[in-house]
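Peer 1: Dumping the structure here so I can ask a few things about it.
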């Protein structure tokens, strides 16, 4: 189940993805011999299995998703991915940023102050499956992305089996300023005192609120924005050495390690799988 055997031109495995837009990114793939190494995202992963069996390790267990089922994974939770049978599998995924998702959840429950956790990562949720099935034809316009975030928020609320939690103050404006600053400066080292000045919060209070509302830490948020830029350039076919140099990594090897830990593929594997011509709505 090693990816290196799958990347030759004409192979059965392919991957199609696009940069995030309006809080949502889309990915569609067919994998038979390819496998994702253990990695973690800073977004919610919401994947509809279209065919075959999707198998993955998550929170100490082995899980399998069949055609028509939805996989729902919490931010920053390590997981991998592979075909559960020799026939391979196909899937389509939305990566939903926590910030707009939390905004939607607060409409459902005005007291929501933290990201909910769904204990079962594989769902039989017809409403969410239908939303995912129709999410890949045409452009991802702002109102369309908003509708998808709302669908995911409703499904997450249904699946989370919420219990009352103690409320702690959250500074939404400080988090927004911090996210914007980290996104704007993602190709350089950002110091803790800079974020304290931008947010008006101590570094540890900011870290607490980031984790509670966004599911990750400020450092990891910065790293993932850096890797978003890397993915965009890999899709355009740019040289790995140039991408690493311009993206704020020490060298190409450093970028490769960070990329694989976040995506489950090396940059070279990611680029090779994107060479197979496909369309989202094919």
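Numbering (our numbering), first residue to last: 2 to 283.
Note that the Cβ used here is the ideal one computed from N, Cα and C, for glycine as well.
1. Whose C-beta lies closer than 6 Å to the C-beta of residue 106 among residues of the same chain, with five residues either side of it excluded?
2. Find out if the Cβ-Cβ distance for the pair residue 92, residue 21 is shorter than 9 Å.
3. To the nearest whole angstrom, what separates the beta carbons of residue 42 and residue 146, a pair I think is in contact under 8 Å?
4. Can you list, in chain order, the residues of its chain with a C-beta nearer than 7 Å to that of residue 32? Leave out the 5 residues immediately preceding and following it.
5. Once you ignore the five residues that flank residue 137 on each side, which residues in its own chain have a CB closer than 7 Å to its CB?
6. Can you give, in chain order, each stretch of the alpha helix (DSSP H) that sits fully within the region 135-200 and has at least 4 residues?
7. Would you list the one or two residues that DSSP bridges to residue 56?
8. Residue range of the beta strand (DSSP E) that residue 40 falls in?
9. Are the CB atoms of residue 197 and residue 189 within a distance shorter than 9 Å?
10. With a CB to CB cut of under 7 Å and the five nearest residues on each side skipped, what residues in its chain are close to residue 229?
11. Counting C-beta neighbours from all protein chains within 10 Å, is the total for residue 131 16 or more, i.e. buried, or is it exposed?
12. Excluding sequence positions up to five away, which residues of its chain have a Cβ less than 6 Å from the Cβ of residue 82?
13. Could you confirm whether any beta carbon from chain D is found closer than 9 Å to the beta carbon of residue 241?
14. In whole angstroms, what separates the C-alpha of residue 256 from that of residue 72?
15. What's the C-alpha gap between residue 135 and residue 225?
16. Give the secondary structure of residue 118 by DSSP, where H, G and I count as helix, E and B as strand, and everything else as coil.
17. Quick test of the definition: if touching needs 3 or more C-beta pairs under 8 Å, does the region 108-128 touch the region 57-69?
18. Can you check DSSP and say which residues form a bridge with residue 97?
19. What residues match up with residue 30 in a beta bridge as DSSP calls it?
20. For the putative contact between residue 101 and residue 76, defined by C-beta atoms under 8 Å, what is the C-beta separation to the nearest angstrom?
21. With DSSP collapsed to three states, give me the class of residue 241.
Peer 2: Straight from the coordinates:
1. What you label residue 106 is simply residue 105 of the chain shown in a count that begins at 1. Non-local beta-carbon contacts of residue 106 in its own chain, meaning distances under 6 Å to residues more than five positions away in sequence, involve 113 and 154 in chain order.
2. As a position in the chain shown, residue 92 is number 91, starting the count at 1. As a position in the chain shown, residue 21 is number 20, starting the count at 1. No.
3. For this step, residue 42 is matched to residue 41 along the chain shown. For this step, residue 146 is matched to residue 145 along the chain shown. Not really, about 17 Å apart at Cβ, beyond 8 Å.
4. Within the chain shown, numbered from 1, the residue matching residue 32 stands at position 31. So the qualifying residues of the chain are 14, 84, 89 and 90.
5. In the chain shown, residue 137 corresponds to position 136, counting from 1. Here residue 137 has 27, 29, 93, 281 and 282 as same chain residues with Cβ atoms under 7 Å from its own Cβ, once five neighbours each way along the sequence are excluded.
6. Under the rule that a run must span 4 or more residues, the alpha helix (DSSP H) segments found entirely inside the region 135-200 read 143-161, 173-185 and 193-200.
7. Taking the first residue of the chain shown as position 1, residue 56 is located at position 55. 65 and 83, per the DSSP bridge assignment.
8. Position 39 of the chain shown, counting from 1, holds the residue named residue 40. Residues 37-40.
9. On the chain shown, residue 189 is found 188 positions in, with the first residue counted as 1. On the chain shown, residue 197 is found 196 positions in, with the first residue counted as 1. Their beta carbons are not under 9 Å apart, which means residue 189 does not touch residue 197 by this criterion.
10. Counting from 1 along the chain shown, the entry for residue 229 is found at position 228. Excluding sequence neighbours, residue 229 sits near 20 and 21.
11. As a first step, residue 131 must be located in the chain shown, where it is residue number 130. So residue 131 counts as exposed.
12. As a working mapping, residue 82 is identified with position 81 in the chain shown. Around residue 82: 37 and 57.
13. No chain D is present in this structure, which holds just one protein chain.
14. Here residue 256 refers to the residue found at position 255 of the chain shown. Here residue 72 refers to the residue found at position 71 of the chain shown. Their Cα atoms are separated by approximately 28 Å.
15. Stepping through the chain shown from its first residue, residue 135 is reached at position 134. Stepping through the chain shown from its first residue, residue 225 is reached at position 224. Each residue's Cα considered, the two are about 27 Å apart.
16. In the chain shown, counting from the first residue as 1, residue 118 sits at position 117. Looking at residue 118 - three-state DSSP - the assignment turns out to be coil, as it is neither helix nor strand.
17. With a cut-off of 8 Å, the region 57-69 and the region 108-128 count as touching, because enough Cβ pairs lie within range.
18. Indexing the chain shown from 1 puts residue 97 at position 96. Beta-bridge pairing links residue 97 to 25 and 45.
19. Residue numbering aside, residue 30 sits at position 29 when the chain shown is read from its first letter. Answer by DSSP bridge pairing, in chain order: 16 and 92.
20. On the chain shown, residue 101 is found 100 positions in, with the first residue counted as 1. On the chain shown, residue 76 is found 75 positions in, with the first residue counted as 1. Their Cβ separation, rounded to whole angstroms, is 13 Å, which puts residue 101 and residue 76 out of contact at 8 Å.
21. The sequence position of residue 241 within the chain shown is 240, counting from 1. In the structure shown, residue 241 adopts helical secondary structure according to DSSP, grouped into three states.
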